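*Asks:* Below you will find the structure I want to go over with you.
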Amino acid sequence: NWTTTNVVEEQIALIREQVGTKRAICGLSGGVDSAVAAALVQKAIGSQLTCVYVDHGLMRKGETEQVEKDFVAATGVQLKVVDAEERFLNALAGVSDPEQKRKIIGREFIRVFEQAQAELVAEAGAAGEDVAFLVQGTLYPDVVESGGGTGTANIKSHHNVGGLPDDIEFQLVEPLRQLFKDEVRMVGQELGLPEEIVQRQPFPGPGLGIRIVGEVTRERLDLLREADAIAREELTAAGLDRDIWQCPVVLLADVRSVGVQGDGRTYGHPIVLRPVSSEDAMTADWSRLPYETLAKISTRITNEVADVNRVVLDVTSKPPGTIEWE
Ligand code: XMP
């Protein structure tokens, strides 16, 4: 019978059996899934685990600081932070195709993990401990949408499944692979993770890279980061965080429209708000947010974010739309 206690005990036994006395690294993204996976593996193998947080430059405002602070405080886990912005942005230069972006990001994540692994092995030195395992917070829906389920089409390559390179040398440890998000949250609670982590809204591993429709550049990322921070701030201020599943904020970088600001003509980009309600992200409905909140977000974004002169609302359910635009 399914209880979180059973899931935790069963997974801890499986992880110990799989990893043995070797060492593992866990990619931490700041999201619920990787946090719960890390906490579970830490419970199973303790100091044989090192978490690696890759700052790929596609993060939202304040995200890196939050991981460094909150997660370490909550778990006491060993954390290695890698600044890989340059590397990811170079790899993404000139690329607009969504699947190509996803594959590049998935590949670069692995390359950074391999480098971290080599450093850890070097540090372990004479102990000669093998770092052969990579822990990922892959969920059941990630597997299904990447075409790994039975009888399902390949919708998009989630960075930790279909986006993985073929030449990966790690053995994967994926203790959440059979779970849905709400179950993962329950497991996180059982493991004693704080509310701020367990109740976080989903944020995709490829980050803002798949929320810029068009080429990803540092300027565009900065612009989107500002718009996203405003939307999140206002949703939180309105007390709506628990009413919605998540709210992607998307920059249509290749679209321009005419506007008027002050007494001058502008020719700027639109920002899309994509608030959704969902149980498990497999299907979703657009959230009926209060008009006052939408108005406030729109006014603030167009006033405060240079080069944005229009805010539009996505009123598409999933299907036919997906939650993210890419
Ligand atoms: P879609 O866009 O497929 O999104 O309707 C479903 C849920 O998955 C998240 N998502 C991802 N999460 N890596 C992740 O960790 C990914 O590559 C990825 N792609 C989408 C998305 O935010 C939504 O919650």
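The opening residue of the sequence shown carries number 59 in my numbering; numbering runs sequentially from there. Every residue gets a Cβ at the ideal spot worked out from N, C-alpha and C, and that includes glycine. Keep in mind the model is a prediction, meaning the values are calculated, not measured.
1) Thinking Ile302 and Glu382 are a contact (beta carbons under 8 Å), I'd like their distance in whole angstroms, please.
2) Are Ala82 and Val153 touching if we call contact CB-CB under 9 Å?
3) Measuring alpha carbon to alpha carbon, tell me which of Ala289, Ala132, Leu371 ends up nearest Ala93.
4) On the CB-based measure, 16 or more other CB atoms within 10 Å of its CB, does Trp344 come out buried or exposed?
5) Put Thr360 into one of helix, strand or coil per three-state DSSP.
6) With 16 other CB atoms within 10 Å as the buried threshold, where does Glu68 fall?
7) Quick check on this structure: which residue in Glu254, Gly320, His114, Lys161 has the alpha carbon closest to the alpha carbon of Arg145?
8) If you draw a straight line from the alpha carbon of Val112 to that of Arg165, how long is it in whole angstroms?
9) Under 8 Å, with one C-beta from each stretch per pair, do the stretch 221 to 240 and the stretch 93 to 102 reach the 3-pair mark?
10) Between the C-alpha atoms of Phe129 and Arg323, what's the straight-line distance to the nearest angstrom?
11) Please state whether DSSP places Val135 in a helix, a strand or coil.
12) How many angstroms separate the CA atom of Ala180 from the CA atom of Arg74?
13) Out of Thr79, Ala295, Ile168, Glu123, which one is the CA nearest neighbour of Asn225?
14) Taking DSSP as the reference, what is the three-state secondary structure of Leu107?
15) Using only CA atoms, which one of Leu147, Lys127, Asn148 lies nearest to Lys138?
16) Confirm the yes/no value for this check: CB of Ser335, any heavy atom of the ligand XMP, distance under 8 Å.
*Replies:* Walking through what the data contain:
1) Contact check for Ile302 and Glu382: beta-carbon distance about 15 Å, past the 8 Å limit, so the pair fails to qualify.
2) Not a contact, by the Cβ cut-off of 9 Å.
3) Ranking Ala289, Ala132, Leu371 by Cα distance to Ala93 puts Ala132 first.
4) When all chains shown are included, Trp344 counts as buried.
5) Helix at Thr360.
6) So Glu68 ends up on the exposed side.
7) When only C-alpha atoms are compared, the closest one is His114.
8) If you take the alpha carbons of Val112 and Arg165, they lie about 13 Å apart.
9) Taking 8 Å as the limit for Cβ pairs, the verdict is that the stretch 93 to 102 does touch the stretch 221 to 240.
10) Cα to Cα, the separation comes out at about 46 Å.
11) Coil, per DSSP.
12) Pairing Ala180 with Arg74, the inter-Cα distance amounts to about 24 Å.
13) For the record, residue 225 in the displayed sequence is Asp; it is not Asn. Closest by alpha carbon: Ile168.
14) DSSP, reduced to helix, strand and coil, places Leu107 within a strand of the structure shown.
15) If we check each option's Cα against that of Lys138, Lys127 comes out closest.
16) Checking every heavy atom of the ligand XMP against the Cβ of Ser335, none is found closer than 8 Å.
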